[in-house]
Amino acid sequence: MGALKPWHIAIFVVVLVLLFGAKRLPDAARSLGRSLRIIKAETKGLIDENNDVAEKAEPQHSRQPIQGEVLHQQGQQAPPPPPPGYQQPAAQPQPQYQQPQPQPYVDPVQRTHDR
């Protein structure tokens, strides 16, 4: 009862031709094939990237952690110290957000009964 018979396929093809027309079906099949090829290529690329990431994630034992203090990069200078007697400007206070007053709740059913 649930098997797919040849006449089921024939009816399905006739319905497709009636809905989309004979000119659009080859174009639709072509674009579907292109889309499937693109998806296949992208998933293969993702699988290859995962393998590369796994190889790169393996620890490299030849490296040692750097010890010492951090210096400024070349070409960058440390900011000059402030002149004597200089005071930092006071921070501007941020305006406080005030929530709007809540509107009184009006029950729509009660409102219709009041009329």
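To convert, note that position 114 of the sequence shown is 114 in full-length UniProt numbering; the numbers rise steadily by one, no gaps. By construction, the Cβ of each residue, glycine as well, lies at the ideal position given by its N, Cα and C atoms. As the structure is a prediction and not an experimental result, all values here were calculated from the model.
Please list, in chain order, all residues of the same chain as Pro83 whose beta carbon is under 6 Å from its beta carbon, the five residues on each side excluded. The residue given as residue 83 occupies position 83 in the sequence shown. Closer than 6 Å at Cβ, skipping near neighbours: no residue.
Roughly how many angstroms lie between the CA atoms of Ala10 and Leu16, to the nearest whole one? Translated into the one-based positions of the sequence shown, residue 10 becomes position 10. Translated into the one-based positions of the sequence shown, residue 16 becomes position 16. Straight-line Cα distance between these residues: approximately 10 Å.
Limits of the alpha helix (DSSP H) - the one that Leu16 falls within: Along the sequence shown, one-based indexing puts residue 16 at 16. Boundaries of the alpha helix (DSSP H) harbouring Leu16: 6-20, taken from the DSSP string.
Taking Cβ positions only, does Leu16 come closer than 8 Å to chain B? Of the protein chains in this structure there is only one, and it is not chain B.
Leaving out the 5 sequence neighbours to the left and right, which residues in its chain are closer than 6 Å to residue 122 when beta-carbon positions are compared? Limits of the chain in this structure are 1 at one end and 115 at the other, which puts residue 122 out of reach.
Enumerate in chain order the residues of its own chain whose CB-to-CB distance from Thr43 is below 6 Å, with the five nearest sequence positions on each side excluded. Numbered from 1 along the sequence shown, position 43 holds the residue referred to as residue 43. Result list for Thr43: empty, nothing under 6 Å.
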